[in-house]
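Going by the numbering used here, the sequence shown opens with residue -3, and the numbers climb by one from there.
A virtual CB, placed ideally from N, CA and C, is assigned to each residue, including glycine.
A quick note: this is a predicted structure, and the numbers were derived from the prediction, not measured.
Below: one structure, written as structure tokens.
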Amino acid sequence: MSETRLETLPHVDDVTSSAVLAMAGRVADADGVEAISEAFRLALGSPRSEVTHLIAYAGESRPVGYAARDAAGSGELFVDPDSRRQGVGRALLRALLDGGATGVWAHGDLSAAQALAAVEGLVSTRELHVMARPLTAVDAVDPVLPEGFLVRAFAPGRDEPAWLDINGVAFATHPEQGSITLDDLRERMAQDWFDPAGFLLVEDTTQTDSSGQHPLAAFHWTKREPGSASGEVYVLGVHPAYQGRGLAGPVTRLGLAHLARQGLDTVDLYVDGDNERAIATYRRQGFTDAAVHVVYGRR
Ligand SMILES: CC(C)(COP(=O)(O)OP(=O)(O)OC[C@H]1O[C@@H](n2cnc3c(N)ncnc32)[C@H](O)[C@@H]1OP(=O)(O)O)[C@@H](O)C(=O)NCCC(=O)NCCS
């Protein structure tokens, strides 16, 4: 067994980034769950001041493990399937925590992650539920919205400020989603999956603001990777001023209708384990638990 060497980098070059992404692919194949979340995957492609990368090497040049942490203290790590049980994961985890990470994601909460967290004295501090449901032809019909509300597609170049406003207030207490900036939004809009037709805005047509616009009451941003038979409730929010008025169900179904009309078989979504109201909404719309991701941290 060769010694593990860790390298801490503010950004990674293209060669290392490709090697890490290839390793993430092998990890996903071996474990049956994505090894890296979207934000950290994006940070491998374009340098970001708030993300620090840790590469683990065994011997000279071959990366055998990868970890990253952001400025908010969130971290992720994975080890190449053929380099496990050699202390690499433990070394990466300790380096993440020493560097300031307060929580480390375990996608799928695999038994190896549970075991590693336990031996390092970490406990589950947050759960992210993956919920899923099939889509059928019945879903393809748009629901009727409560009176006074109209749905339209996001207009790039015009709707960014209004959407950032509603997203910020709807997700004010959410660790990641509430702090999305214009740059973050533009970066997502530049991805190959971005489709404004699937980014649905619900307006309150009974009100007009100072700029002559109808205020946004809710939104449902759907996502579909090119070629995938599955869609995602990417982000769904109701403005706090409009909560409790029966919008959540119809707004969920608007997005499902958009995805069903594209002939997709299934839809999934991510929701925090403590967001009981959202989970209840999704259960009522036929979603069931598919997987759980856990954040491990110090008690
Ligand atoms: C979890 C993961 C990072 C562990 O990496 P690793 O390099 O194999 O871990 P280590 O060799 O450093 O293991 C350290 C200790 O954790 C425990 N452990 C790790 N994997 C284990 C497993 N499959 N079964 C039981 N215990 C395990 C053991 O106590 C181990 O010590 P030991 O080998 O001396 O018994 C790796 O399995 C992985 O990449 N999984 C997918 C990504 C993931 O779940 N990341 C979240 C981590 S919190």
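Cα-Cα separation, residue i to residue j
{"i": "residue 104", "j": "residue 190", "result": "26 Å"}
{"i": "residue 114", "j": "residue 14", "result": "31 Å"}
{"i": "residue 262", "j": "residue 231", "result": "17 Å"}
{"i": "residue 345", "j": "residue 271", "result": "The shown model of the chain, from -3 to 295, leaves out residue 345, and the question about it has no answer."}
{"i": "residue 1", "j": "residue 80", "result": "15 Å"}
{"i": "residue 153", "j": "residue 161", "result": "15 Å"}
{"i": "residue 108", "j": "residue 85", "result": "10 Å"}
{"i": "residue 340", "j": "residue 202", "result": "It is not possible to answer for residue 340, since the shown part of the chain is limited to -3 through 295."}
{"i": "residue 122", "j": "residue 35", "result": "18 Å"}
{"i": "residue 75", "j": "residue 57", "result": "15 Å"}
{"i": "residue 174", "j": "residue 268", "result": "13 Å"}
{"i": "residue 177", "j": "residue 170", "result": "14 Å"}
{"i": "residue 229", "j": "residue 239", "result": "19 Å"}
Residue i vs residue j beta-carbon contact at 7 Å
{"i": "residue 227", "j": "residue 260", "result": "yes"}
{"i": "residue 30", "j": "residue 39", "result": "no"}
{"i": "residue 89", "j": "residue 116", "result": "yes"}
{"i": "residue 192", "j": "residue 150", "result": "yes"}
{"i": "residue 54", "j": "residue 131", "result": "no"}
{"i": "residue 212", "j": "residue 158", "result": "yes"}
{"i": "residue 112", "j": "residue 27", "result": "no"}
{"i": "residue 265", "j": "residue 127", "result": "yes"}
{"i": "residue 120", "j": "residue 290", "result": "yes"}
{"i": "residue 10", "j": "residue 125", "result": "no"}
{"i": "residue 63", "j": "residue 93", "result": "no"}
{"i": "residue 276", "j": "residue 138", "result": "no"}
{"i": "residue 242", "j": "residue 129", "result": "no"}
{"i": "residue 148", "j": "residue 77", "result": "no"}
{"i": "residue 181", "j": "residue 156", "result": "yes"}
Buried versus exposed call for residue i [16 or more other C-beta atoms within 10 Å across all chains shown]
{"i": "residue 96", "result": "exposed"}
{"i": "residue 199", "result": "buried"}
{"i": "residue 140", "result": "exposed"}
{"i": "residue 273", "result": "exposed"}
{"i": "residue 50", "result": "buried"}
{"i": "residue 118", "result": "buried"}
{"i": "residue 61", "result": "buried"}
{"i": "residue 237", "result": "exposed"}
{"i": "residue 18", "result": "exposed"}
{"i": "residue 225", "result": "exposed"}
{"i": "residue 194", "result": "buried"}
{"i": "residue 135", "result": "buried"}
{"i": "residue 3", "result": "exposed"}
{"i": "residue 143", "result": "exposed"}
{"i": "residue 72", "result": "buried"}
Assumed close pair residue i, residue j - CB separation to whole angstroms, cut-off 8 Å
{"i": "residue 166", "j": "residue 234", "result": "6 Å"}
{"i": "residue 292", "j": "residue 102", "result": "6 Å"}
Inset, instruction - Evaluate the contact criterion for the region 245 to 259 versus the region 198 to 216: three or more CB pairs, one atom per stretch, below 8 Å. - result: yes
Inset, instruction - Flag this pair as touching only if the region 62 to 81 and the region 42 to 51 have three or more C-beta atom pairs under 8 Å; answer yes or no. - result: yes
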